[in-house]
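One structure is given here, and the rest of the page talks about it.
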Amino acid sequence: MDSAVAFLTSKIPFLASLPFWVVAFLVMLVVALVILGFALTYEGIATYIERKVAADIQVRIGPNRVGPNGWFQFIADGVKLLMKEDLIPAKADKFLFVLAPYLVFVGSFAAFVVVPFGISLIAADLNIGVYYVMAVTSLVVIGILLAGWGSNNKWALLGGMRAAAQIVSYEVPVGMALLPAVILAGSLSLQEIIRSQGGYLGIFGWNIFHNPFTFFSFFLYFTAALAETNRTPFDIPEAESELVAGYHVEYSGIRFAFFFMAEYGDMFVVCALAAALYLGGWQVPFVDVSGLSPLLANLLSLGVFLAKVIALILVMMWVRWTLPRLRVDQLMRMSWKYLVPLTFVNVLGVSVWVLAFDGKGIPALVMSLLGR
Amino acid sequence: MEIERLPESDELLINMGPQHPSTHGVLRILLRTDGELVTGAKPDIGYLHRSLEKIAERVTYAQFMPFTDRLDYLAAANCNCAYAWAVEKLAGIEVPERAEYIRVIVCELNRIASHLIAFGAFTADMGAFTPFLYGIRERERINDLFEMICGNRLTYNYARIGGVSHDLPDGFLDELKDFLDYFEPKIDEYNQLISYNKIFVHRLANVAVVSKEDAIAYGLVGPNLRGSGVKWDLRKDEPYSVYDRFEFDVPVGFGEKGTVGDAFDRYMVRIREMKESVKILRQAIEQIPDGPVMAKVPRVFKPGPGEVYFRAENPRGELGFYIVSKGGTSPYRLKIRTGSFTALTIFDKVARGHLIADIIALIGSFDIVLPEIDR
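Heads up: the sequence lines are chains A and B, in that order.
Using the numbering used here, read the first sequence as starting at 70 and increasing by one per residue.
Using the numbering used here, read the second sequence as starting at 7 and increasing by one per residue.
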């Protein structure tokens, strides 16, 4: 932040006459707008991709009317949602009803701040990045609870309660499944964790291949994260066929769109975390990105990072359109009886591994045996 | 309609339906729940009542045929034929053999179509939306076959008193054979895709169990009865039409993944019945004779005084027509007994003690169709 402000004030004399905090605020605003623009565009395109993936799995064609091959469908959808009448149920708690979608959206959008898009493309490289993501995504629970309560609808209330129970339960395995990567890098900063996965080993430098425990951790994290984002087979809070639409049953128009975008935003965040912590983030295998010119390095790392994230998102969509839904008690059992103990074992295993082998993973050990 | 509620309790009364994605039509269920646990469920019916039985008293015997289409829109051909058989039994009409074979063919085709929807809607209720569209894809070809036969795709109005409206078109049997060859492996595909999926089995096994005794006591019929392990199929046990000439098995539930009579058993009975229907169709294609498809029935059709009860095995169980004639051109009284209606009577008993999500499994596994309940 300081360096960005210093750079700007040296280039533009007018800014130098302003107090430091004004310039800093302007920089933050621009960065926030860029990320918001990215998030909204991504969410739009993701809905299109999801519909096309669903159509492909379901032997249908999918959207194909608006624009070439239906590419602008998401714009039409967005415009439609914007133009809809703003409906608030007569007996709803108006303040909570209006507040809820913003809380949910903020919870998912705020996590974008620490997503490491590229070698220097990160809005804020917080030294507590992983912790920060866990914290702000918990805001979503409050929003969903408010939506469920404020709607004054029994289905919404049931959905809200289910969502709260589910998200709170799955925070535990999600957090525990992230810890092994943090232990290996010795830092909570996402950029630090990604940098620790580079080197001469290529893709075998990634945390997922570090040792058997991290390998399982990745899958445990992905499963738990699926549940945290309320996607099928864990879409209990929405459960279309049971609760009609769960907590957002009374929402329409742009307020509904906020819930919708938050869901896709959440998907991106959890996939970005999975990619950053276990799949090497923006590290390009066998290419030392930091040695390239800044523009090329950033573009290359951005492309690689997005490719990894989108691949994971596609897996999420694939799972969604393939599997049936768990029941609410089965979901809870899965979290507390299986995922939580397994993630604890993994954390313990990784800790012991780090102590026993001085932080070296299996690939590094093999290479040292071969004399490298 | 009221459901008793304990005073001073934390229980919640929830109105499920008539607008609800999984009540399979305009069924309203009043749920009394303690959190997610259902402590009482009362189905409320009548939203779709069209007084078909009264209409029957005002129209002639032949004119009532299109109304039977609307009894069970997913198995219109079965309802057509059941009504035709009932009236023929009343009037003592001898139907040409070819017409009987054609009726068996359309009935079994329609049974497959109906079970495909039951399978698809049930899996969609369980949260897997994709198999539904696979079922629709296959049903589309059945609809095409029906379009070949009678020009309609949903409400066929194909059977006539004394036969069927017209003969099978040229090349139909070959098309049917093609379809069967295409369809039979698809059933195994469904089983691989979803039936034995771990989540799916966990959702259904030991859920909504109807014991053998209860099933008989509450008068369940069709796949719901057979799911509870009772081997009772009218096509075998009280053969009508030409059903006694075919070799086929009657699949029953045997507690494959849990208890006998759970939702999974009822589901698997339907899947297996599709295979049996394919068997019957293949034999019918081999056996079908040439000849007329319509008996000589007087233009002004007046059966003599008397009464008759006829029941046929429909996709949703026994469809019974009770017809009283006083010798006029229209029935004096016509009563329809349907399988979905009896299935609802056991609803409250089974629903108690289940979770809300299981209620959906319960409705789906009974495969109810609302027009048949409300008539």
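Don't be surprised by glycine CBs; every beta carbon is placed ideally from N, CA and C.
Just so we're clear, the structure is a prediction, and the values are computed from it rather than from any experiment.
Those residues which DSSP pairs with residue i across a bridge
{"i": "residue 342 of chain B", "result": "B:327"}
{"i": "residue 320 of chain B", "result": "B:323"}
{"i": "residue 46 of chain B", "result": "B:38"}
{"i": "residue 315 of chain B", "result": "B:328"}
{"i": "residue 379 of chain A", "result": "DSSP, once it has assigned bridges, lists no residue as partnering residue 379 of chain A."}
{"i": "residue 163 of chain B", "result": "Looking at the DSSP assignment, residue 163 of chain B forms no beta bridge with any residue, so it has no partner."}
{"i": "residue 170 of chain B", "result": "B:165"}
{"i": "residue 22 of chain B", "result": "B:35"}
{"i": "residue 361 of chain B", "result": "B:43"}
{"i": "residue 300 of chain B", "result": "B:169"}
8 angstroms contact criterion, which residue i and residue j should meet: CB distance rounded
{"i": "residue 351 of chain A", "j": "residue 371 of chain A", "result": "7 angstroms"}
{"i": "residue 385 of chain A", "j": "residue 238 of chain A", "result": "Not really, about 19 angstroms apart at Cβ, beyond 8 angstroms."}
{"i": "residue 299 of chain B", "j": "residue 150 of chain B", "result": "Incorrect: roughly 21 angstroms between the Cβ atoms, too far for contact."}
{"i": "residue 480 of chain A", "j": "residue 289 of chain A", "result": "With chain A running from 70 to 441 in the structure shown, residue 480 of chain A is simply not present."}
{"i": "residue 193 of chain B", "j": "residue 281 of chain B", "result": "6 angstroms"}
{"i": "residue 220 of chain A", "j": "residue 158 of chain A", "result": "6 angstroms"}
{"i": "residue 217 of chain A", "j": "residue 225 of chain A", "result": "5 angstroms"}
{"i": "residue 82 of chain B", "j": "residue 167 of chain B", "result": "That pair is no contact at about 16 angstroms."}
{"i": "residue 80 of chain B", "j": "residue 120 of chain B", "result": "4 angstroms"}
{"i": "residue 346 of chain A", "j": "residue 247 of chain A", "result": "6 angstroms"}
{"i": "residue 316 of chain B", "j": "residue 327 of chain B", "result": "5 angstroms"}
Cβ shell of residue i (< 6 angstroms), same chain only, five flanking positions each side left out
{"i": "residue 31 of chain B", "result": "376"}
{"i": "residue 55 of chain B", "result": "380"}
{"i": "residue 191 of chain B", "result": "none"}
{"i": "residue 162 of chain A", "result": "219"}
{"i": "residue 418 of chain A", "result": "282"}
{"i": "residue 264 of chain B", "result": "211, 212"}
C-alpha distance - residue i paired with residue j, whole-angstrom precision
{"i": "residue 181 of chain A", "j": "residue 104 of chain A", "result": "7 angstroms"}
{"i": "residue 368 of chain B", "j": "residue 163 of chain B", "result": "32 angstroms"}
{"i": "residue 415 of chain A", "j": "residue 341 of chain A", "result": "21 angstroms"}
{"i": "residue 238 of chain B", "j": "residue 353 of chain B", "result": "21 angstroms"}
{"i": "residue 133 of chain B", "j": "residue 140 of chain A", "result": "28 angstroms"}
{"i": "residue 117 of chain A", "j": "residue 200 of chain B", "result": "26 angstroms"}
{"i": "residue 334 of chain B", "j": "residue 59 of chain B", "result": "16 angstroms"}
{"i": "residue 165 of chain A", "j": "residue 240 of chain A", "result": "24 angstroms"}
{"i": "residue 289 of chain B", "j": "residue 256 of chain B", "result": "16 angstroms"}
{"i": "residue 396 of chain A", "j": "residue 404 of chain A", "result": "13 angstroms"}
{"i": "residue 128 of chain A", "j": "residue 98 of chain A", "result": "45 angstroms"}
{"i": "residue 135 of chain A", "j": "residue 431 of chain A", "result": "51 angstroms"}
{"i": "residue 119 of chain A", "j": "residue 270 of chain B", "result": "31 angstroms"}
{"i": "residue 196 of chain A", "j": "residue 399 of chain A", "result": "37 angstroms"}
{"i": "residue 45 of chain B", "j": "residue 227 of chain A", "result": "16 angstroms"}
Minimum Cβ-Cβ distance from residue i to chain B less than 9 angstroms
{"i": "residue 304 of chain A", "result": "yes"}
{"i": "residue 264 of chain A", "result": "no"}
{"i": "residue 235 of chain A", "result": "no"}
{"i": "residue 130 of chain A", "result": "no"}
{"i": "residue 301 of chain A", "result": "yes"}
{"i": "residue 323 of chain A", "result": "no"}
{"i": "residue 395 of chain A", "result": "yes"}
{"i": "residue 399 of chain A", "result": "yes"}
{"i": "residue 385 of chain A", "result": "no"}
{"i": "residue 230 of chain A", "result": "yes"}
Residue-chain proximity (residue i, chain A), Cβ-Cβ < 9 angstroms
{"i": "residue 203 of chain B", "result": "yes"}
{"i": "residue 200 of chain B", "result": "yes"}
{"i": "residue 163 of chain B", "result": "no"}
{"i": "residue 383 of chain B", "result": "Nothing can be reported for residue 383 of chain B: it is not among the residues displayed for chain B, which extend from 7 to 381."}
{"i": "residue 209 of chain B", "result": "yes"}
{"i": "residue 41 of chain B", "result": "yes"}
{"i": "residue 140 of chain B", "result": "yes"}
{"i": "residue 363 of chain B", "result": "yes"}
{"i": "residue 206 of chain B", "result": "yes"}
{"i": "residue 109 of chain B", "result": "no"}
{"i": "residue 20 of chain B", "result": "yes"}
Same chain, Cβ closer than 8 angstroms to residue i, neighbours up to 5 away in sequence not counted
{"i": "residue 153 of chain B", "result": "159"}
Spatial neighbours of residue i in its chain, beta-carbon cut-off 7 angstroms, leaving aside the 5 residues before and after
{"i": "residue 111 of chain A", "result": "337"}
{"i": "residue 122 of chain B", "result": "141, 144, 145"}
{"i": "residue 364 of chain B", "result": "213, 214"}
{"i": "residue 205 of chain A", "result": "176, 179, 180"}
{"i": "residue 160 of chain A", "result": "221"}
{"i": "residue 332 of chain B", "result": "311, 338"}
{"i": "residue 325 of chain A", "result": "150, 317"}
{"i": "residue 168 of chain A", "result": "215"}
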